[in-house]
Structure formats: structure tokens, C-alpha cells
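Student:
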Amino acid sequence: MTAQRAVLEEYLRSKVAALTNVTFLERTELLGLLSTPDGTRVTGARLRPTAPETADESTLQADLFVDATGRGSRTPVWLQEMGYERPAETRMPIVLAYTTRLYRTRPNVPDGARFINCIASPEFPRGAFFGQVDPRTTLLSLTGLHGDHPPTDPDGFHRFARSLPVEDIHQHIREAEPITDPVSFRFPASLRRRYERLPRLPERLLVLGDAVG
Numbered sequence: 262m263t264a265q266r267a268v269l270e271e272y273l274r275s276k277v278a279a280l281t282n283v284t285f286l287e288r289t290e291l292l293g294l295l296s297t298p299d300g301t302r303v304t305g306a307r308l309r310p311t312a313p314e315t316a317d318e319s320t321l322q323a324d325l326f327v328d329a330t331g332r333g334s335r336t337p338v339w340l341q342e343m344g345y346e347r348p349a350e351t352r353m354p355i356v357l358a359y360t361t362r363l364y365r366t367r368p369n370v371p372d373g374a375r376f377i378n379c380i381a382s383p384e385f386p387r388g389a390f391f392g393q394v395d396p397r398t399t400l401l402s403l404t405g406l407h408g409d410h411p412p413t414d415p416d417g418f419h420r421f422a423r424s425l426p427v428e429d430i431h432q433h434i435r436e437a438e439p440i441t442d443p444v445s446f447r448f449p450a451s452l453r454r455r456y457e458r459l460p461r462l463p464e465r466l467l468v469l470g471d472a473v474g
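Yeah, the sequence shown ends on 474 if you go by our numbering, and it's all consecutive.
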């Protein structure tokens with residue numbers, strides 16, 4: 262829960278890259294899907310190298326196509342090009358913000374309870390993720406919904422942490438040594454693409470994770 266994203270992604274990528282039957286196509290743009298003449302089954306993808314810009318388009322045949330590209334997924338567009346309906350989208354505005362800061366772990370932190378998750382609610386739209394990144398580093402990520410955003414200035418960051426119903430979080434950071442400045446990331450709305458409501462989909466196509474919602 263408290264792993265830094267770059268570390269987590271590099272760990273997972275290295276594990277996948279170590280598989281003997283996995284090949285990465287880098288500097289390659291995905292242009293669209295290939296299908297059978299009647300469009301009922303996906304058979305691969307159209308590709309184009311991003312450098313040099315004059316490179317020709319190519320194709321990649323596949324028995325299964327999995328879209329895990331995230332919120333920027335273009336599968337709805339590709340389905341429409343194949344004569345299918347685009348999935349309806351359900352959008353829920355939450356105006357969420359994360360503000361995160363790293364601290365040097367204090368030597369007197371107990372061995373137990375290394376992670377605290379203070380969950381926001383409609384009644385109290387503030388929350389936090391707090392825990393150790395490694396033996397020397399502690400992470401605190403404050404969250405706020407519907408515009409009640411945790412500040413990025415150090416004093417405001419501390420005041421926000423002090424307002425949480427879990428006192429342990431502020432008690433730890435008030436004397437801890439900060440390693441970074443507070444950095445904020447905003448997330449305006451949750452999006453769900455309703456693939457399950459479509460009357461039909463081509464075979465051999467899977468959409469996963471944030472590409473769905």
C-alpha cells in the first residue's frame with residue numbers, strides 16, 4: 262500500500278520481462294485492432310514505430326488481445342470502427358486530491374502497526390495512507406474529497422493531518438524529519454465504461470483495470 266509507484270512498477274515490469282515467452286515492443290504506437298472479415302473476432306493489432314516517423318505500419322497477429330492501457334484506453338473508438346457500439350460511460354465527480362510527503366522513519370517507531378489507512382466518508386471527507394516505504398522512509402499521503410484538498414505548504418499539510426480522527430498520524434510526523442516537500446495529484450472523477458451492457462462484443466478481446474473503470 263505504501264510502495265512508491267516507480268518502485269512497484271519497475272518490480273512488476275522486471276518480473277514480466279524475465280518470462281521467456283514475453284516480448285516488449287518499445288517506441289511503438291498501437292493504431293487499432295485487426296479482426297476477421299465479419300468483425301466477430303479480434304485477430305491482432307496494427308502497429309507503427311514512433312521513430313523514425315517515416316516507418317511503415319505493420320501488423321501483429323494474436324490469439325488474445327488484452328487492453329490494460331488505463332483511463333486513456335482507445336478500445337471504445339476501435340469498437341466503433343469495427344461496427345460495434347461504444348460502451349456507455351458512467352462518470353462520478355469526486356474531485357479527489359492526494360498530497361504526499363516522505364519522512365525519515367523515527368527510530369522509536371514500534372515494530373507493529375506499520376500501516377494506517379484513515380478512510381474518508383461523506384460525513385468526513387478527509388483521509389490518509391500512512392506507513393513505511395522501507396526501513397528508513399515513511400510515507401504520508403493525505404486525501405480530500407469534493408474540493409477539500411490537503412495543502413501543499415508544510416504548515417497547511419500538518420494542520421490537515423492534525424484534523425484527522427486518527428491522532429497517531431500527526432503524532433508521528435510532527436517531530437519527524439521531512440525528506441520531500443508535499444506534492445499533490447488531483448483526480449476529478451471516477452469513470453466506468455459499461456462493457457457489460459453492450460449487446461455484443463468481438464471474441465478474443467479482454468478489457469481490464471482502469472481501461473474499464
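Think of the CB as a built atom: it goes at the ideal place given N, C-alpha and C, for glycine as much as any other residue.
Applying the 10 Å Cβ sphere with the 16-neighbour rule, what's the burial state of Arg365?
Tutor: Arg365 is exposed by the Cβ-count criterion.
Student: Please report the straight-line C-alpha distance between Gln265 and Arg461, rounded to a whole angstrom.
Tutor: Spanning the two alpha carbons is a distance of roughly 39 Å.
Student: Classify Gly470 as helix, strand or coil using the three-state DSSP reduction.
Tutor: Looking at Gly470 - three-state DSSP - the assignment turns out to be helix.
Student: Going along the chain, which residues of its own chain have a beta-carbon closer than 7 Å to the beta-carbon of Ala374, five neighbours each way excluded?
Tutor: Because Ala374 sits at a pLDDT of 49, beneath the cut-off of 50, its placement in the model cannot be relied upon, and the following sentence gives the value as read from the coordinates. There are no such residues.
Student: Would you report the Cα separation of Val277 and Ala267, rounded to the nearest angstrom?
Tutor: Near 15 Å, if we compare the C-alpha coordinates of Ala267 and Val277.
Student: Which of the three DSSP states, helix, strand or coil, is assigned to Val444?
Tutor: Of the three classes helix, strand and coil, the one that applies to Val444 here is strand, per DSSP.
Student: Out of Gly392, Phe390, Gly405, point me to the one whose CA is closest to Pro383's CA.
Tutor: Of Gly392, Phe390, Gly405, the residue nearest in Cα terms is Gly405.
Student: Terminal residues of the continuous alpha helix (DSSP H) containing Gln432?
Tutor: Element bounds for Gln432: 428-434.
Student: Our contact map puts Val217 next to Thr315 with C-beta atoms below 8 Å; I'd like the distance itself, whole angstroms only.
Tutor: In the structure as shown, the chain starts at 262 and stops at 474, and residue 217 therefore has no counterpart that could be examined.
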